[in-house]
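Peer 1:
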Ligand SMILES: Cc1cc2nc3c(=O)[nH]c(=O)nc-3n(C[C@H](O)[C@H](O)[C@H](O)COP(=O)(O)OP(=O)(O)OC[C@H]3O[C@@H](n4cnc5c(N)ncnc54)[C@H](O)[C@@H]3O)c2cc1C
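Numbering (my numbering), first residue to last: 12 to 482.
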């Protein structure tokens, strides 16, 4: 085998010397190299701003391929990225000049309806997972957009419509099969490799490649869901109202405060279409009569300009945001947690949210609490159990010529609101530097460093919100 320089001293012009043909010979799946006609499509991720050129993309067909790819990248000292659903806004599913372990073809899902458990492979996206589990009237906490991958999502935490009733997605993870940095396949659960199991529930892709996830399911659906919207002039009063309503919401009710451009939908009066509005999206999981009572306070501020709340299949709820988040747009986000929505933070949020560029950009306030907050801070790697809200400033626009304006809006907003915040959600982070990574892992950071030092001492898995090993 030709000598291959280390990750840090690699000269990209010598990549031809990397013996990819040896890797190809060991794979059941495909190996896509830059000369391949499929290469440009295969290196694309959800965020159209990401334009990385891997040396090779290994489309794995199972754990055996993943083991070969991990061992190869380690031997060749290549940068290594892991692709699940490819939705990570920082583009961590791809890397420049290294190997991508592409899991997107791993789509198997098996539901055991008697045990209310599902096993799913890491290329599955939430729409696929929900379809299979809903065939049995079951679900677990999943993403608000159906094309998001279950893999990166689960490993970072997992905020979704079921979370206040049933916890984050990572709280519903029962076990995971993981290919570690030395190419071993291990199972992590409450009884096996418990230290690793702890780290997988919030520590992201730092510890290995997950080839199978096992989830707890719950009886779910149909649900009471939808949204209310108000004209933007009411933003400050609405957020103060929303704060009070959220504080008394039952666990079965999960809500999301929003600033967004009203779509040209039939349920939006024509004078509001294309204007920036404030409001809340909601989902009640349970009996409709109880749900009507639970959502009444949210609907009674007003009257709302738009009130589109009613019974719907869970799979419809899970796709409500799909058209608002198309793949291939330019995307830049900043996010942070709030312990409370006090008047001062509302003032700052409103001052900047009313400048949300018309189009796909939006501001989200995810209301946490409920089952999320009843898990102890050190029980899982996800640490933000006591936060009341996760704020996400979502810049999303089609034209790269508009990058400076849109990024400027997100940054100015974030700089102003940051003093009112604490913590950050790892799945909403961009490439924002080590301090922000530490903020995201919060008080669990040192324990995560110790775990990383045990499982990945050479930091093979570093194309992520990276926890550096201690050596
Ligand atoms: C449109 C959109 C909507 C979203 N909605 C929500 C939401 O409702 N709630 C929420 O909590 N988050 C949401 N997110 C954020 C989402 O959780 C993250 O983007 C997450 O990383 C997506 O997982 P993925 O598998 O698609 O990502 P990828 O980009 O494929 O991977 C993300 C990270 O996970 C690692 N990874 C992926 N697969 C594996 C694996 N099998 N083993 C080990 N590591 C792996 C990768 O190395 C990478 O670092 C949303 C994102 C987008 C773009």
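Even for Gly, the Cβ is constructed at its ideal location relative to N, Cα and C.
Keep in mind it's a predicted model, so treat the numbers as computed, not measured.
Which ranges does the beta strand (DSSP E) cover as unbroken runs of at least 3 residues, wholly within the segment 87–140, from first to last along the chain?
Peer 2: 91–94, 110–113, 120–123 and 128–131
Peer 1: Could you give the first and the last residue of the continuous beta strand (DSSP E) run that contains residue 424?
Peer 2: Residue 424 -> not in any beta strand (DSSP E); alpha helix (DSSP H) instead, spanning 414–428.
Peer 1: Contact between the segment 36–47 and the segment 67–79: three or more CB pairs below 8 Å?
Peer 2: yes
Peer 1: Which residues in the same chain have their Cβ closer than 7 Å to the Cβ of residue 476, if we skip the five residues on either side of it in sequence?
Peer 2: So the qualifying residues of the chain are 215, 437, 440, 448 and 451.
Peer 1: Label residue 60 either buried or exposed according to how many other C-beta atoms from any shown protein chain fall within 10 Å of its C-beta, with 16 as the threshold for buried.
Peer 2: buried
Peer 1: How would you call residue 396, buried or exposed, if buried means at least 16 neighbouring beta carbons within 10 angstroms?
Peer 2: Buried.
Peer 1: Skipping 5 residues on each side, what residues in its chain have a beta carbon closer than 7 Å to that of residue 199?
Peer 2: 186, 187, 189, 207, 208 and 211
Peer 1: Buried or exposed for residue 230, please, with buried defined as at least 16 other CB atoms from any protein chain shown within 10 angstroms of its CB.
Peer 2: exposed
Peer 1: Report all residues from its chain with a CB closer than 8 Å to the CB of residue 315; omit the five preceding and five following residues, and keep chain order.
Peer 2: 239, 240, 241 and 290
Peer 1: Quick one, are the C-beta atoms of residue 84 and residue 111 less than 7 Å apart?
Peer 2: no
Peer 1: Could you tell me which residues DSSP puts in a beta bridge with residue 196?
Peer 2: 190
Peer 1: Please report how far the alpha carbon of residue 202 lies from the alpha carbon of residue 225, in whole angstroms.
Peer 2: Each residue's CA atom was taken as its position, placing residue 202 and residue 225 some 14 Å apart.
Peer 1: Could you give the C-beta distance for residue 398 and residue 379, rounded to a whole number, given that I count them as a contact under 8 Å?
Peer 2: 5 Å
Peer 1: Would you decide whether residue 259 is buried or exposed? Buried here means 16 or more other CB atoms lie within 10 Å of its CB.
Peer 2: exposed
Peer 1: Should residue 32 go down as buried or exposed, given a rule of 16 or more other Cβ atoms within 10 Å for buried?
Peer 2: It counts as exposed.
Peer 1: CB-CB under 8 Å to residue 149, same chain, minus the five flanking residues each way: which ones, in chain order?
Peer 2: 122, 124, 127, 129, 228, 229, 230 and 231
Peer 1: Report the rounded CA-to-CA distance for residue 98 versus residue 156, giving the unit in angstroms.
Peer 2: If I take the Cα positions, the gap works out to 10 Å.
Peer 1: Using only alpha-carbon positions, find the residue among 75, 272 and 141 that is nearest to residue 374.
Peer 2: 272
Peer 1: Do residue 153 and residue 171 count as a contact pair if the criterion is CB distance below 7 Å?
Peer 2: yes
Peer 1: Alpha carbon to alpha carbon, what distance is there between residue 355 and residue 116?
Peer 2: 47 Å
Peer 1: Give the single residue among 288, 298 and 319 whose Cα lies nearest to the Cα of residue 277.
Peer 2: Measuring from the Cα of residue 277, the nearest candidate turns out to be 319.
Peer 1: Whose C-beta lies closer than 8 Å to the C-beta of residue 422 among residues of the same chain, with five residues either side of it excluded?
Peer 2: 345
Peer 1: To test your reading of the DSSP string, which unbroken beta strand (DSSP E) runs of 3 or more residues are found completely within the segment 244–298?
Peer 2: 264–272 and 287–295
Peer 1: Starting from residue 327, trace the beta strand (DSSP E) both ways and give me its first and last residue.
Peer 2: First-last for residue 327: 325–328, but that is the alpha helix (DSSP H), not the beta strand (DSSP E).
Peer 1: Short of 7 Å in beta carbon distance, which residues of its chain neighbour residue 376, apart from the five on each side in sequence? Order them along the chain.
Peer 2: 267, 268, 400 and 402
Peer 1: Is the CB-CB distance between residue 63 and residue 113 below 7 Å?
Peer 2: no
Peer 1: Is the separation between the beta-carbon of residue 270 and that of residue 347 shorter than 7 Å?
Peer 2: no
Peer 1: Taking the alpha-carbon of residue 404 as reference, which of 426, 411 and 308 has the nearest alpha-carbon?
Peer 2: 426
Peer 1: Is it right to say residue 385 is buried, meaning 16 or more other beta carbons lie within 10 angstroms of its own, or is it exposed?
Peer 2: exposed
Peer 1: For residue 131 and residue 281, I'd like the C-alpha separation in whole angstroms.
Peer 2: 43 Å
Peer 1: Rank 353, 341, 454 and 408 by C-alpha distance to the C-alpha of residue 428 and give the top, closest one.
Peer 2: 353
Peer 1: Looking at the unbroken alpha helix (DSSP H) that takes in residue 70, where does it start and where does it end?
Peer 2: Per DSSP, residue 70 belongs to no alpha helix (DSSP H); it is in the beta strand (DSSP E), 67–70.
Peer 1: Is residue 93 near ligand 1, going by C-beta to nearest heavy atom under 6 Å?
Peer 2: yes
Peer 1: Quick check on DSSP: helix, strand or coil for residue 479?
Peer 2: coil
Peer 1: Could you check if residue 360 is buried or exposed, using at least 16 other CB atoms within 10 Å of its CB as the buried criterion?
Peer 2: buried
Peer 1: Report all residues from its chain with a CB closer than 8 Å to the CB of residue 434; omit the five preceding and five following residues, and keep chain order.
Peer 2: 347, 348, 394, 395, 398, 450, 451 and 453
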